[in-house]
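Input: a single structure, listed below in structure tokens.
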Amino acid sequence: MRETHRLRETSGDSGPELPRRRPGRASVHGTGASGSGTPHRSDGRPPHTPRGARRPGPAGHPGTTPPVPGWPASLVLAPLMALTALFGLITWQVAADGPLVRLDERVGESLFRRGPAALTQLFSDLGGVPVALPVLVCAIAYALWRGARRLPVYAALTMAAVPALVIPLKVATARQGPLTEAVNYYPSGHTATAAVAYGASALLLLAVDRPAWLRAWLPPAAAVLLTAATGVGLVLHGYHWPLDVLASWCLGPVLLAPLWWADRRRAGRRR
Numbered sequence: 001m002r003e004t005h006r007l008r009e010t011s012g013d014s015g016p017e018l019p020r021r022r023p024g025r026a027s028v029h030g031t032g033a034s035g036s037g038t039p040h041r042s043d044g045r046p047p048h049t050p051r052g053a054r055r056p057g058p059a060g061h062p063g064t065t066p067p068v069p070g071w072p073a074s075l076v077l078a079p080l081m082a083l084t085a086l087f088g089l090i091t092w093q094v095a096a097d098g099p100l101v102r103l104d105e106r107v108g109e110s111l112f113r114r115g116p117a118a119l120t121q122l123f124s125d126l127g128g129v130p131v132a133l134p135v136l137v138c139a140i141a142y143a144l145w146r147g148a149r150r151l152p153v154y155a156a157l158t159m160a161a162v163p164a165l166v167i168p169l170k171v172a173t174a175r176q177g178p179l180t181e182a183v184n185y186y187p188s189g190h191t192a193t194a195a196v197a198y199g200a201s202a203l204l205l206l207a208v209d210r211p212a213w214l215r216a217w218l219p220p221a222a223a224v225l226l227t228a229a230t231g232v233g234l235v236l237h238g239y240h241w242p243l244d245v246l247a248s249w250c251l252g253p254v255l256l257a258p259l260w261w262a263d264r265r266r267a268g269r270r271r
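Residue numbers (this note's numbering): 1 to 271.
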């Protein structure tokens, strides 16, 4: 009874209630370093998780927090150097009429006129300027519409570098075609055009906002398939020797490397 009487005196006539926390009493959730009074971790102390304790590294390098997409320079430079060395070896063999050229001619003669002529002609035409160049122009226009400014210019310059490099090589090597007396067949201009036009289009599509149905793997996969089909069609139809096509396959990624690098730097600045 005494306890009930005391409880009523404390709370008045409204009935019993829980004891209230007095001002100044210590609380389990103290204020942080900023004095905001919120029951969060102190702002002055580092979090006790491995991820929170790490500090992000330079942009574009693996192991940063959060991880930044991008390949290390060594993984990109090594294949480019290998392709450049292979292109130089093939060019030297063609210019010197070395044993690799004689092997190439024997392999090419066994492959000519294989497959449906209409299909191999269609594949060969994929590397022609009337087909490949409009694809690149559409990709450039789409990138400009999506707000890209420098990359479309770089893509156009990369395409212009194809004849600037291929034509002098054709004249310097003066290689005879497989089924003709004409010369200047090395390297394959159609294959180089297809590699750069479709490859640059893929890079432009990956650099800008895309529709939801256009997955990230579709543009590069289409570029690789179209470039490969062009080279196969040229060899099977008898337009080029295999080494002509192989050299242009090596040349394409080397020409596209500056455009890819510019895209990576642009993506790094945006992040």
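No residue lacks a Cβ here, since even glycine has one placed at the ideal position from N, Cα and C.
Please read these numbers as outputs of a predicted model, since none were measured by experiment.
How would you call residue i, buried or exposed, if buried means at least 16 neighbouring beta carbons within 10 angstroms?
i, result
"PRO66", "With a pLDDT of only 43 at PRO66, under 50, the local geometry of the prediction cannot be trusted, and the value read off the model is given with reservation. Exposed, by the Cβ-count rule."
"CYS138", "exposed"
"ALA221", "exposed"
"PRO69", "For PRO69, the predicted model reports a pLDDT of 48, less than 50, meaning its position is unreliable; a value from the coordinates is still stated below. Burial call: exposed."
"SER248", "buried"
"ALA78", "exposed"
"VAL298", "Because the chain here runs from 1 to 271, residue 298 falls outside it and cannot be looked at."
"TRP241", "buried"
"SER110", "exposed"
"ILE140", "buried"
"VAL183", "exposed"
"ALA194", "buried"
"ARG149", "exposed"
"THR180", "exposed"
"ASP104", "buried"
"ASP306", "Coverage of the chain is limited to positions 1 through 271, which leaves residue 306 absent and any answer about it impossible."
"VAL171", "exposed"
"LEU75", "exposed"
"TRP261", "exposed"
"VAL107", "exposed"
Are the beta-carbon atoms of residue i and residue j separated by less than 9 angstroms?
i, j, result
"VAL135", "LEU243", "no"
"TYR154", "VAL208", "no"
"PRO253", "THR158", "no"
"SER201", "ALA174", "no"
"PRO178", "PHE112", "yes"
"ALA164", "VAL196", "no"
"HIS237", "THR91", "no"
Return the Cβ separation of residue i and residue j in integer angstroms, given the expectation that the two are a contact with Cβ distance under 8 angstroms.
i, j, result
"CYS250", "LEU86", "5 angstroms"
"ASP263", "LEU144", "Going by Cβ atoms, the distance from ASP263 to LEU144 rounds to 15 angstroms, so no, they are not a contact pair."
"LEU255", "LEU203", "At roughly 12 angstroms, the Cβ-Cβ gap does not stay under 8 angstroms, so LEU255 and LEU203 are not in contact."
"TYR198", "LEU226", "5 angstroms"
Note the first and the last residue of the continuous alpha helix (DSSP H) segment covering residue i.
i, result
"ALA139", "129 to 145"
"ALA104", "One detail in the question is off: residue 104 reads as Asp in this sequence, not Ala. Per DSSP, ASP104 belongs to the alpha helix (DSSP H) from 99 to 111."
"GLN121", "117 to 125"
"LEU214", "Taken as a continuous stretch (DSSP letters only), LEU214 belongs to no alpha helix (DSSP H), as it is neither H nor E."
"ALA197", "189 to 207"
"THR180", "From DSSP, THR180 is part of no alpha helix (DSSP H); its letter is neither H nor E."
"ALA155", "150 to 173"
Of all Cβ atoms in chain D, is any one closer than 9 angstroms to the Cβ of residue i?
i, result
"ALA155", "Reference to chain D is not applicable here, since this structure consists of a single protein chain."
Three-pair Cβ contact test at 8 angstroms for the segment 115 to 130 versus the segment 179 to 191: The answer is yes - the segment 179 to 191 touches the segment 115 to 130, with three or more Cβ pairs under 8 angstroms.
Three or more C-beta pairs below 8 angstroms linking the segment 190 to 210 and the segment 225 to 232: Counting C-beta pairs closer than 8 angstroms gives three or more between the segment 190 to 210 and the segment 225 to 232, which meets the contact rule.
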